[in-house]
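Colleague: The structure that follows is given in the form of structure tokens.
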Amino acid sequence: MKPTMYFLMNSIELERGGLTRASLKQASFFAELGYDTYMLTFNFNPKYPRIRKKLIEMNKVHKDVTILNMYEELEGNREPVLNDRRSKKVSIKDLTEGKAYDKREEYDAYRVYDNGLYTKYIALNKDGSLEFIDYFNENRYRTKRDTYDLWGNLKKVTYMDFPLNKPRQIIYYNNNGKAYLTQWNNPKNNKVQRLLLFNQDSSIKKTFVNDDVTHKVDWLTEVINRTANDKCVVISDTRSTDEVLINFEHPKAATIWRLHSSHLDEPFEVDSPITKAVKDGIENVDKFNAAVFLTEEQKQDVIRRIGNEAPYQVIPHYHENNNGKSIKKLVSKTKKNTKLGVVVSRLSTLKRIDNIIKAFHITVEKVPDAQLEIWGTGDQFETLEKLIIDLKLEKNVFMKGYTHTPDDIYQKGIFSALTSKKEGFALSVMESMYNKTPVISYDIKYGPNDMIVNNENGFIVENGNIEELSAKMTYMFENPQKTIEMGKNANDYIENHFSKDIYKEKWLEVVDFALKNKFQ
Numbered sequence: 001m002k003p004t005m006y007f008l009m010n011s012i013e014l015e016r017g018g019l020t021r022a023s024l025k026q027a028s029f030f031a032e033l034g035y036d037t038y039m040l041t042f043n044f045n046p047k048y049p050r051i052r053k054k055l056i057e058m059n060k061v062h063k064d065v066t067i068l069n070m071y072e073e074l075e076g077n078r079e080p081v082l083n084d085r086r087s088k089k090v091s092i093k094d095l096t097e098g099k100a101y102d103k104r105e106e107y108d109a110y111r112v113y114d115n116g117l118y119t120k121y122i123a124l125n126k127d128g129s130l131e132f133i134d135y136f137n138e139n140r141y142r143t144k145r146d147t148y149d150l151w152g153n154l155k156k157v158t159y160m161d162f163p164l165n166k167p168r169q170i171i172y173y174n175n176n177g178k179a180y181l182t183q184w185n186n187p188k189n190n191k192v193q194r195l196l197l198f199n200q201d202s203s204i205k206k207t208f209v210n211d212d213v214t215h216k217v218d219w220l221t222e223v224i225n226r227t228a229n230d231k232c233v234v235i236s237d238t239r240s241t242d243e244v245l246i247n248f249e250h251p252k253a254a255t256i257w258r259l260h261s262s263h264l265d266e267p268f269e270v271d272s273p274i275t276k277a278v279k280d281g282i283e284n285v286d287k288f289n290a291a292v293f294l295t296e297e298q299k300q301d302v303i304r305r306i307g308n309e310a311p312y313q314v315i316p317h318y319h320e321n322n323n324g325k326s327i328k329k330l331v332s333k334t335k336k337n338t339k340l341g342v343v344v345s346r347l348s349t350l351k352r353i354d355n356i357i358k359a360f361h362i363t364v365e366k367v368p369d370a371q372l373e374i375w376g377t378g379d380q381f382e383t384l385e386k387l388i389i390d391l392k393l394e395k396n397v398f399m400k401g402y403t404h405t406p407d408d409i410y411q412k413g414i415f416s417a418l419t420s421k422k423e424g425f426a427l428s429v430m431e432s433m434y435n436k437t438p439v440i441s442y443d444i445k446y447g448p449n450d451m452i453v454n455n456e457n458g459f460i461v462e463n464g465n466i467e468e469l470s471a472k473m474t475y476m477f478e479n480p481q482k483t484i485e486m487g488k489n490a491n492d493y494i495e496n497h498f499s500k501d502i503y504k505e506k507w508l509e510v511v512d513f514a515l516k517n518k519f520q
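Going by the UniProt record's numbering, the residue at position 438 of the sequence shown is 438; the numbering climbs one at a time, nothing skipped.
Below, the structure is given as structure tokens:
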């Protein structure tokens, strides 16, 4: 009998980067093979009913993957809450109760005034349903926030620390208005001070002091307890769930630690400090029944640091297009725009997209009609827009926002670029190469060197060398036929080295390894 698969994710959203895409694909892979497959999420989000439905509609997750949420279950639901009815649209006139209000520019949000006194801030979802209401006192301190689900039920009340404007006490409610969880926070550091779980009769079920992990472990244990299968595999896919897996032990469950990112901190060299997010997992790696890396290089670097006593394994990503067809299927025949470079990335300082723009500025001096599209969202969006204006590149470089279809973007570009400070694998490189779009990448850890054969299917340039990056951009624009040939080589390389068949073989080996490590 196949084991039941559980993937731990702190949260799942529709607009996320490579890690979430890889995790959804990973879970979908097991569902396709006939495994009972679950993704367990630990964050509060009353929009999960819509997220589940949209992920399936967009072919981002297999229909047989069940996404469970801790807060939904703590509330009393034993099945995922379904998006089986229309959301409740609200009237801003009703919500303001005849008081004066003004609309916030570029947001579906409103400030409400009671005889001149600012009292409320009302935010609506895109579909016109109520998202939250903030309340203010006479000194304009925010006193609390009421958060609602898609159907207008009050789900959470957050009481704020006045000077810091941070949560002090949070109360979670079921649809009958009864509290099922109370949380106290230290507003200075946002750490949880106390958690109280309540029974249906409002009596206290459990109390946790200075502990934001045990109730998550308890929920995971409860989920495994009710599983009929006597063999389960629990995989921590995000670093925010590592502490849960470290503290979890169950006679029916083997555990796998799956690292999607680099373990290195600045300056991201082999002997650099271990980054804080990964440290717990690395230091407790011997507690897991398997520890899985994305590249052999990272595995060997970790072994050199901490020894070879842990059960290390390597499973790289694979790629298939959004319609769910096999990687063996040829990509669509979208004609390459030989004057267009593309970037699909989260817009953070870690990704150094500014380096790409600066390199492109040099290239435009030699190829004036060259264009660059940057797809993605993040906290650097406005900074990058300003850089484009400062360099007078408004007619050449375009910020396009988030895309749900990166394959379509890569297919039209002549090349893409990667300038990250570090990666766990660089999924965007694989996606680009699969779509016959060669990549110019900085020489970083980890991933690009596993896929890019320099001068054959792309370029590896010196880390941080903007002039060399620009030179390769210029070369690709000026030599489109050679670049297109590189793209064909890139697609061949991905199909031959990162196919779904290879992924399947490696995952089944790792699951078998973890089960033997647990049960034998």
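Positions of the beta carbon are idealized from the N, C-alpha and C atoms, including for glycine. Owing to the predicted nature of the structure, the values given are computational and were not obtained by experimental measurement.
Tell me, please, whether the segment 44 to 59 touches the segment 267 to 282 by the rule of three or more beta-carbon pairs shorter than 8 angstroms.
Modeller: Contact between the segment 44 to 59 and the segment 267 to 282 is absent, because fewer than three Cβ pairs lie under 8 angstroms.
Colleague: Excluding five sequence neighbours on each side, which residues of the same chain lie with their C-beta closer than 7 angstroms to the C-beta of THR474?
Modeller: Excluding positions up to five away in sequence, the list reads THR363, LYS366, VAL367.
Colleague: Quick one: which unbroken beta strand (DSSP E) runs of 3-plus residues sit fully inside the segment 76 to 108? Chain order, please.
Modeller: Runs found: 100 to 103.
Colleague: Give me the Cα-Cα distance between LYS482 and LYS339, rounded to the nearest whole angstrom.
Modeller: Taking the straight line from one Cα to the other gives about 14 angstroms.
Colleague: Taking its Cβ as the centre, do 16 or more other Cβ atoms sit within 10 Å of LEU68, making it buried, or is it exposed?
Modeller: Burial call: buried.
Colleague: Please go through the segment 50 to 74 and give each complete beta strand (DSSP E) segment of 3 or more residues, from N-terminal end onward.
Modeller: Here the runs fully enclosed are 65 to 69.
Colleague: Quick one: residues in its chain with C-beta nearer than 7 angstroms to the C-beta of LYS329, no 5 flanking neighbours on either side, listed in chain order?
Modeller: Caution is warranted here: a pLDDT of 42 is assigned to LYS329, below 50, making its placement in the model unreliable, and no coordinate value can be reported.
Colleague: Taking ALA31 as the reference, which of GLY17, THR4, PHE42 has the closest Cα?
Modeller: Nearest C-alpha to ALA31: THR4.
Colleague: For ASN323, I'd like the list of residues in its chain whose CB is within less than 7 angstroms of its CB, leaving aside the five on either flank, ordered along the chain.
Modeller: The predicted model places ASN323 with a pLDDT of 48, which falls under 50 and marks its position as unreliable, so this point remains unresolved.
Colleague: Keeping to the same chain, check which residues put their C-beta closer than 8 angstroms to that of VAL331; ignore five residues upstream and five downstream.
Modeller: Note on VAL331: pLDDT 47, under 50, position unreliable in the model; the coordinate value appears next. Counting only Cβ-Cβ distances below 8 angstroms, and skipping sequence neighbours, we find ASN321, ASP407, GLN411, TYR434, ASN435, LYS436, ASN491.
Colleague: Among the candidates PHE360, HIS361, ARG258, whose CA atom is the shortest distance from the CA of PRO311?
Modeller: The option with the nearest alpha carbon to PRO311 is ARG258.
Colleague: Should residue 527 go down as buried or exposed, given a rule of 16 or more other Cβ atoms within 10 Å for buried?
Modeller: The question about residue 527 has no answer, for the chain in this structure spans 1 to 520.
Colleague: List the endpoints of the continuous alpha helix (DSSP H) containing ALA471.
Modeller: Unbroken alpha helix (DSSP H) run through ALA471: 466 to 478.
Colleague: Starting from the N-terminal side, write out each stretch of the beta strand (DSSP E) that is 3 residues or longer and does not extend beyond the segment 93 to 181.
Modeller: Those beta strand (DSSP E) runs which fall completely within the segment 93 to 181 and span 3+ residues are 100 to 103, 109 to 114, 117 to 124, 130 to 136, 142 to 148, 154 to 161, 166 to 173.
Colleague: Buried or exposed for ALA228, please, with buried defined as at least 16 other CB atoms from any protein chain shown within 10 angstroms of its CB.
Modeller: Answer is exposed; the Cβ neighbour count stays below 16.
Colleague: Could you tell me which whole beta strand (DSSP E) segments of length 3 or greater appear in the segment 435 to 466?
Modeller: Counting only runs of 3 or more, we get 439 to 442, 458 to 461.
Colleague: Just to confirm, is the Cβ distance from PHE498 to HIS260 under 9 angstroms?
Modeller: Taking 9 angstroms as the Cβ cut-off, PHE498 and HIS260 do not qualify as a contacting pair.
Colleague: Identify, in the order they occur along the chain, each residue of the same chain with its Cβ nearer than 6 angstroms to the Cβ of ASN337, setting aside the five sequence neighbours on each side.
Modeller: The residues are LYS412.
Colleague: Among all the DSSP beta bridges, which residues are the ones paired with LYS506?
Modeller: For LYS506, which the question treats as bridged, DSSP gives no partner whatsoever.
Colleague: Out of GLU131, ALA123, PHE136, which has the shortest C-alpha to C-alpha gap to ASP114?
Modeller: Comparing Cα positions, the closest option is PHE136.
Colleague: If LYS358 and ILE466 are in contact, beta carbons under 8 angstroms, what's the gap, nearest whole angstrom?
Modeller: About 5 angstroms; that satisfies the 8 angstroms criterion.
Colleague: Can you tell me whether DSSP reads ALA254 as helix, strand or coil?
Modeller: DSSP places ALA254 in strand when its eight states are reduced to three.
Colleague: Suppose you measure from the CA of VAL278 to the CA of LYS422; what does that come to, to the nearest Å?
Modeller: Taking the straight line joining both Cα atoms gives about 14 angstroms.
Colleague: Using the three-state DSSP reduction, which class does ARG16 fall into: helix, strand or coil?
Modeller: ARG16 falls in the coil class under three-state DSSP.
Colleague: Could you name the residues of the same chain whose beta carbon sits closer than 6 angstroms to that of GLN298, not counting the 5 residues immediately before and after it, in chain order?
Modeller: Taken in chain order, the residues that qualify are TYR446.
Colleague: Using a Cβ-Cβ cutoff of less than 6 angstroms, which residues in the same chain neighbour LYS231 once the five nearest sequence positions on both sides are dropped?
Modeller: Same-chain partners within the cutoff: PRO3.
Colleague: Could you pull out every residue in the same chain whose Cβ sits closer than 7 angstroms to the Cβ of ASP162, ignoring the five residues on either side in sequence?
Modeller: In the sequence as displayed, the identity of residue 162 is Phe instead of Asp. Answer for PHE162: TYR141, listed in chain order.
Colleague: Using alpha carbons as the reference points, say which of SER11, ASN247, PRO438, TYR159 lies closest to LYS472.
Modeller: For LYS472, the nearest C-alpha among the options comes from PRO438.
Colleague: Whole angstroms are fine: how far does the CA of ASN175 sit from the CA of ASN153?
Modeller: Spanning the two alpha carbons is a distance of roughly 6 angstroms.
Colleague: Using a Cβ-Cβ cut-off of 8 angstroms (strictly less than) and excluding sequence neighbours within five positions of ASN210, which residues of its own chain qualify?
Modeller: Cβ neighbours of ASN210 beyond the five flanking positions: LYS191, VAL192, GLN193, ARG194.
Colleague: Classify SER91 as buried or exposed, calling it buried when 16 or more other Cβ atoms lie within 10 Å of its own Cβ.
Modeller: Looking at its Cβ environment, which holds fewer than 16 other Cβ atoms inside 10 Å, SER91 is exposed.
Colleague: Could you check whether the Cβ of ASN139 sits closer than 9 angstroms to any Cβ belonging to chain B?
Modeller: The question asks about chain B, but that chain is absent: this structure has only one protein chain.
Colleague: Which whole-angstrom value describes the C-beta separation of THR66 and TYR110, a residue pair presumed to lie in contact below a C-beta threshold of 8 angstroms?
Modeller: The pair is not a contact, with the Cβ atoms about 37 angstroms apart (cut-off 8 angstroms).
Colleague: With a 10 Å radius around its C-beta and 16 neighbouring C-beta atoms as the bar for buried, classify LEU33 as buried or exposed.
Modeller: That one is exposed.
Colleague: Helix, strand or coil: how does DSSP classify ASN185 here?
Modeller: ASN185 falls in the strand class under three-state DSSP.
Colleague: Where does GLY376 sit, in a helix, a strand or coil, going by DSSP?
Modeller: Here GLY376 sits in coil by DSSP.
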